[in-house]
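Asker: Start counting the sequence shown at 1; every next residue gets the next number (the UniProt record's numbering).
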Amino acid sequence: MTPRILVLNGPNLNLLGTREPEQYGRETLADLANGCADTARQLDMEIEFRQTNHEGELIDWIHAARGRCNGILINPGAWTHTSVAIRDALVACELPVIEVHLSNVHKREPFRHISFVSSIAVGVICGLGSQGYRLALAHFAELLGERAA
1 MTPRILVLNG
11 PNLNLLGTRE
21 PEQYGRETLA
31 DLANGCADTA
41 RQLDMEIEFR
51 QTNHEGELID
61 WIHAARGRCN
71 GILINPGAWT
81 HTSVAIRDAL
91 VACELPVIEV
101 HLSNVHKREP
111 FRHISFVSSI
121 AVGVICGLGS
131 QGYRLALAHF
141 AELLGERAA
């Protein structure tokens, strides 16, 4: 069975490429999605790539992944620092989670240093731009290969 990873992106990431490019780069969300799709194909994985500005929708997607996906790669955006509900949904889905941020949140405002997701994630990648997503997918391939063995 081909592993399936749910790639979730939170609020304002639909503005990638134009929103604070000095912080987030010039790649668009479509560029990011295409890069993830290319990496997934190389790793013999499938991905579902989604973005929303609505917290409840993100939680519904997390719930729906249970029993259907093998892992969740998530960039919760600003919800990283505010949403216990997203953290609880990720715990309830019982899937491995990797948290990714395009920017280095630790070099930014102090409130961005707090994450409700990090403590339940198998790993956290920040500050590497879109490469962080590709590294997370590669880690999922390794992690899921070990679980299958």
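Glycine included, every Cβ here is placed at the ideal spot set by N, Cα and C.
1) Considering just the uninterrupted stretch of the beta strand (DSSP E) at CYS126, what are its terminal residues?
2) Mind checking PHE111: buried by the 16 CB within 10 Å criterion, or exposed?
3) Between the segment 47-54 and the segment 1-11, do at least 3 Cβ pairs fall closer than 8 Å?
4) Keeping to the same chain, check which residues put their C-beta closer than 6 Å to that of ASN14; ignore five residues upstream and five downstream.
5) Using only alpha-carbon positions, find the residue among GLY71, THR39, ARG26 and ARG108 that is nearest to HIS81.
6) Can you list, in chain order, the stretches of the beta strand (DSSP E) that have 3 or more residues and sit fully within the segment 40-116?
7) Return the CA-CA distance between ARG67 and ALA89, expressed in angstroms with no decimal places.
8) Taking the alpha-carbon positions, what's the GLY35 to ASN104 distance?
9) Would you report the Cα separation of ARG134 and GLU27, rounded to the nearest angstrom?
10) Output the distance between the C-alpha atoms of ARG147 and ASP60, rounded to the nearest integer angstrom.
11) Out of curiosity, what's the CA-to-CA distance linking HIS113 and TYR24?
12) Quick one, which of ALA64, PRO96, GLY77 and ALA37 has its alpha-carbon nearest LEU16's?
13) Assuming the contact rule is C-beta atoms closer than 8 Å, LEU73 and ILE98 should be a hit. Round their C-beta distance to whole Å, please.
14) Does the separation of the CB atoms of PHE140 and GLY71 fall below 8 Å?
Answerer: Checking against the coordinates, here is how it stands:
1) 123-126
2) exposed
3) yes
4) LEU29 and GLN51
5) ARG108
6) 46-51, 71-75 and 97-101
7) The question names Arg, but residue 67 in the sequence shown is Gly. Going from the Cα of GLY67 to the Cα of ALA89 covers about 14 Å.
8) 20 Å
9) 14 Å
10) 26 Å
11) 17 Å
12) GLY77
13) 5 Å
14) yes
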